[in-house]
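**Q**
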Amino acid sequence: EDLYHAYPYPDKPMDMTISGQNIKDILEYSYSYLDFVNEQLSLTIIDETLCTMWQGFNYEIDMNQEPGQRVMLDQIDLTKSYRVTMTDYCYRNYKNYLKNAIIHESYDETMSTLIAEKLRNPNYRISCSDNFVVKNR
Numbered sequence: 001e002d003l004y005h006a007y008p009y010p011d012k013p014m015d016m017t018i019s020g021q022n023i024k025d026i027l028e029y030s031y032s033y034l035d036f037v038n039e040q041l042s043l044t045i046i047d048e049t050l051c052t053m054w055q056g057f058n059y060e061i062d063m064n065q066e067p068g069q070r071v072m073l074d075q076i077d078l079t080k081s082y083r084v085t086m087t088d089y090c091y092r093n094y095k096n097y098l099k100n101a102i103i104h105e106s107y108d109e110t111m112s113t114l115i116a117e118k119l120r121n122p123n124y125r126i127s128c129s130d131n132f133v134v135k136n137r
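Counting in full-length UniProt numbering, the sequence shown runs from 1 upward without gaps.
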């Protein structure tokens with residue numbers, strides 16, 4: 001029940017290869033529709049489930065810049081290809097940025113099923129790196 005409340009969506013993972021430019025475009029889109037109001041990050045018109053966060057590289061979002069110019073990627077070459085996993089939900093919603101994506105596999109299991117499997121393993125350790133910063137001044 002706790003897992004359902006934390007991740008109630010029936011999303012399934014997809015394994016694909018996309019370009020560094022695709023990654024930047026998706027992040028730029030996500031942060032184009034966010035703003036700071038009274039020192040709090042707030043949404044404007046984007047569905048909050050489409051605000052993406054990435055692991056595996058460092059990046060910075062500078063909210064002082066104009067939308068479309070806010071994302072600075074570290075260790076990502078915009079012209080190179082990267083193998084990533086994202087949910088089918090993200091893929092469907094960002095498909096217009098991913099026209100040249102190479103889909104390697106679409107999984108049958110939902111994310112919540114995969115998360116539950118990981119959590120049942122007593123040796124599994126959750127790890128998350130602080131790999132991005134959002135600047136507002």
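Glycine included, each C-beta is placed from N, C-alpha and C at the ideal position.
Give me the Cβ distance between Ile18 and Thr52, rounded to the nearest whole Å; I'm assuming they're in contact under 8 Å.
**A** Your pair Ile18 and Thr52 does not check out as a contact, with CB atoms roughly 12 Å apart and the cut at 8 Å.
**Q** Can you tell me whether Asn22 is helix, strand or coil according to DSSP?
**A** Three-state result, Asn22: helix.
**Q** Taking 8 Å as the limit between beta carbons, can you name the residues of its chain near Thr85, skipping five residues before and five after?
**A** Pro13, Met14, Asp15, Met16
**Q** If you follow the alpha helix (DSSP H) that Leu59 is in, where does it begin and where does it stop?
**A** Per the sequence shown, residue 59 should be read as Tyr rather than Leu. Not the alpha helix (DSSP H): Tyr59 falls in the beta strand (DSSP E), residues 58 to 62.
**Q** Could you give the uninterrupted runs of the alpha helix (DSSP H) lying entirely in the segment 47 to 128, keeping only those of 4 residues or more?
**A** As far as the segment 47 to 128 is concerned, its whole alpha helix (DSSP H) runs of at least 4 residues are 88 to 93, 111 to 120.
**Q** Since Leu3 contacts Ser81 with CB under 8 Å, what's their CB separation in whole angstroms?
**A** Wrong, their Cβ atoms sit about 33 Å apart, outside the cutoff.
**Q** Taking one C-beta from the segment 32 to 40 and one from the segment 58 to 67 each time, how about it: are there three or more such pairs within less than 8 Å?
**A** Contact between the segment 32 to 40 and the segment 58 to 67 is present, with at least three C-beta pairs closer than 8 Å.
**Q** Determine, using beta carbons only, whether Phe132 and Asn22 come nearer to each other than 9 Å.
**A** no
**Q** Just to confirm, are Pro10 and Thr79 a CB contact at a threshold of 9 Å?
**A** No, the pair does not count as a contact, with Cβ atoms beyond the cut-off.
**Q** When DSSP labels each residue in this structure, what does Asp11 get in the three-state scheme?
**A** coil
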